[in-house]
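Structure first, then comments.
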Amino acid sequence: MGKTIAEKILSEKAGKDVIPGEIIVAKVDLALVQDGTGPLTVEVFDKFGFKDVKPDKAILFIDHAAPSPRKELSNAHNILRNFAKRTRAIVSDVGEGVSHQIMAEKYVKPGDLLVGADSHTCTGGGLGAFSTGMGSTDLALAFGLGKVWLKVPETFLFELKGKLPEGVYSKDIILHIIGTIGADGATYKAMEFTGEVLEQLSQEARLTISNMAVEAGAKAGLIPTDEITKAYLKENGREEDFKEIKADPDAKYEKVFTIDVSNLEPVVSFPHTVDNTRKISEAKGVKIDQVFIGTCTNGRIEDLRIAASILKGRRKHPDIRLIIVPASRTVYKKALDEGLFDIFIDAGAAIMAPGCGPCVGVHEGVLGDNEKVLSTQNRNFLGRMGNPKGEIYLASPATAAASAITGEITDPRDYLQ
Amino acid sequence: MILKGKVWKFGDDISTDHIAPGRYFHLRTNLPELAKHVLEDAREDFASKVEKGDIIVAGRNFGLGSSREHAPRIIKLAGVAAIIAKSFARIFYRNAVNIGLPLIEIKEADEIDEGDVLEIDLANGIVKNTTKGKEYKFVPMPKFMLDVINEGGIENYISKYGDYKI
Ligand code: SF4
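Top line first, the protein sequences correspond to chains E and U.
In terms of numbering that gives the first Met the number 0, the first sequence is residues 0 to 416.
In terms of numbering that gives the first Met the number 0, the second sequence is residues 0 to 165.
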């Protein structure tokens, strides 16, 4: 019987033919934790009496609160640094950036099983890896045993058809999908993407789609690999990591969704759930206090280029703060080399060190009471950005940049050059 | 295992940010302190009033959001014996199993009210509402997960068996 991408990779990692619904034990290639979840992983790892980490790479990312804003977190960071000293685990410290971006640049290979104590670990699906988020204890076991228990998911196929209009991006596609199927529309399923639109998307744009699979409740967001994947790996100095990953033609899907993107408008998610989406024509005009461009969803070089193309020669609205956080050191350096920082600085932006930035409400741009932020991040739950009295709107970097100029939610197509 | 307790009622889409807000990120290495804020953004008085053995009953997609295992851990630490919901988010579900907190999906969760007393038979898949005299059936967890729950979590399970027994 034909297999979906999820079934193919999990069969290989389990060493047998797996079927959806089955609980399996699978070999882990890559495992990650971050500074919010990692200390608990270390505690449980030590309780088990494990001595060293088993996966090819086990990586501890200091990204959520980096640099640390308070002593408790500085101490938490040291737990991770000390763990890396006594094991084969690698630490990715302050200034390196967000785990999921660095995984894409340096580590994830098509066909891998990547588990991470961070829900957006699903980002790796954009490179054809079965990549999924779980908890700290799971990661302690993945570190110590080199394997995890998994339930094999059924797969929903999303066929993306048509031609993506100007000013509309992969962020808009995935927000549109989540708005359509709901924040629990793919709970426990693997989402697999296919169709002619993929060819119109760069590898970076694809990562944005996989990144948000969890916002529909999914376990993974899988995209087949192709020449675009190969070029991306090559650009990052690891062409040899390429492998063709695609579903069998007779794979069985639990559901198939066909989405025509040709008439899609920019999309905005309104507070406080990601599926509370509106078209830009129904969203524009909402006054905002802050714009945040960055995160594992949209802090890549392509995103910063798009934002810069809109902000070039313009200034942010005087009533808003514009915060820009490149997702990784590599992105930061490229943006600097390409002169994007000049544009951002002249536009009045605050540029922060690579990392999660204000995304999770720990530091660098916590909202005041009754304030509204337009962010390129992936979720807008109540209190997410540090204040339950604030409101979070989600959109693409283009929409964010255009809105920074006007001080209200704005259609980026008005600013395309 | 039969669990008996009184109900705390919550709505749809209770996220891990409601359960363990990001502004208490620095307390993640201090679970008893973090537990004092459990579910604070959904119900401010919950942490101070919840009692050992109580049961949470909620709507759709309970636990959506982040992978923070701290969320189910502090719910358990606060004394909650089980959560019943119309549906659960995936990572939350998995984390709850791993830490030995039973989760039950029943479509009729709306029929249960705050303060009702429930009896849950995990292995046989029965929830009895003794206050209302009603009974609901649910599909018991697969054997592996039930084994983990019965051991009180995967830490005990692995310590006992040394590996996953699947
Ligand atoms: S950028 Fe935001 S969503 Fe991404 S890993 Fe960091 S906190 Fe999580």
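Backbone N, C-alpha and C fix where the C-beta goes; we use that ideal spot for every residue, glycine too.
These figures come from a predicted structure and were not determined experimentally.
**Study point:** Amino acids of chain U, ordered along the chain, whose beta-carbon sits closer than 8 Å to that of residue 133 of chain E
**Key:** 66, 90, 93, 94
Point to revise | residue 86 of chain U at chain E interface by Cβ criterion, 8 Å | key: yes
Practice item. Report buried or exposed for residue 90 of chain U, applying the criterion of at least 16 other Cβ atoms within 10 angstroms of its Cβ. Key: buried
Check your understanding: Under three-state DSSP, which class holds residue 4 of chain E?
Key -> helix
Check your understanding: In the DSSP assignment, what are the bridge partners of residue 191 of chain E?
Key -> E/156, E/221
Check your understanding: Measuring CB to CB, does residue 344 of chain E end up less than 8 Å from residue 373 of chain E?
Key -> no
Point to revise | DSSP three-state assignment for residue 267 of chain E, whether helix, strand or coil | key: strand
Check your understanding: Start and end of the alpha helix (DSSP H) containing residue 331 of chain E?
Key -> 328-336
Exercise for review: Determine which residues share a DSSP beta bridge with residue 390 of chain E and list them.
Suggested key: E/371
Check your understanding: From this set, E/260, E/286, E/341, which residue's C-alpha is nearest residue 195 of chain E's C-alpha?
Key -> E/260
Review point. Helix, strand or coil: which one does DSSP assign to residue 250 of chain E?
Key: strand
Point to revise | Those residues which DSSP pairs with residue 363 of chain E across a bridge | key: Its beta-bridge partners do not exist; DSSP assigns none.
Exercise for review: With a threshold of 16 other CB atoms inside 10 Å of the CB of residue 0 of chain U, please say whether the residue is buried or exposed.
Suggested key: exposed
Practice item. List the residues of chain U that residue 178 of chain E touches, going by C-beta distances under 7 Å, in chain order. Key: The premise fails here: residue 178 of chain E is roughly 14 Å from chain U at the closest Cβ pair, so nothing lies under 7 Å.
Review point. Are residue 115 of chain U and residue 131 of chain U touching if we call contact CB-CB under 8 Å?
Key: yes
Exercise for review: Helix, strand or coil for residue 154 of chain U, going by three-state DSSP, please let me know.
Suggested key: helix
Point to revise | Opening and closing residue of the beta strand (DSSP E) in which residue 135 of chain U lies | key: 133-136
Review point. Distance, Cα to Cα, residue 213 of chain E vs residue 128 of chain E?
Key: 15 Å
Review point. Out of E/329, E/371, E/88, E/72, which has the shortest C-alpha to C-alpha gap to residue 353 of chain E?
Key: E/329
Check your understanding: Could you give the residue range of the beta strand (DSSP E) that holds residue 202 of chain E?
Key -> Note, residue 202 of chain E: premise wrong, no beta strand (DSSP E); alpha helix (DSSP H) at 202-210.
Practice item. Assign residue 117 of chain E to one of three DSSP states: helix, strand, or coil. Key: coil
Check your understanding: If residue 199 of chain E and residue 116 of chain E are in contact, beta carbons under 8 Å, what's the gap, nearest whole angstrom?
Key -> 34 Å between Cβ atoms; not a contact.
Review point. Is any heavy atom in the ligand SF4 found nearer than 7 Å to the beta carbon of residue 117 of chain E?
Key: yes
Exercise for review: Would you mind stating whether residue 290 of chain E and residue 393 of chain E have Cβ atoms separated by less than 8 Å?
Suggested key: no
Review point. Among E/335, E/210, E/93, which has the Cα closest to the Cα of residue 130 of chain E?
Key: E/210
Check your understanding: What do you reckon, are the CB atoms on residue 9 of chain E and residue 22 of chain E nearer than 8 Å?
Key -> no
Point to revise | Residue-chain proximity (residue 24 of chain U, chain A), Cβ-Cβ < 8 Å | key: In the displayed structure, chain A is absent; the protein chains listed are E and U.
Review point. If you measure from the CB of residue 376 of chain E, is any heavy atom of the ligand SF4 nearer than 7 Å?
Key: yes
Check your understanding: Is it buried or exposed for residue 109 of chain U, if we count other Cβ within 10 angstroms and need 16 for buried?
Key -> exposed
Check your understanding: Based on the DSSP secondary-structure assignment, which residues constitute the bridge partners of residue 120 of chain U?
Key -> U/1, U/125
Check your understanding: For residue 337 of chain E, which option in E/28, E/312, E/304 has the closest C-alpha, if you only look at C-alpha atoms?
Key -> E/304
Check your understanding: Can you tell me whether DSSP reads residue 65 of chain U as helix, strand or coil?
Key -> coil
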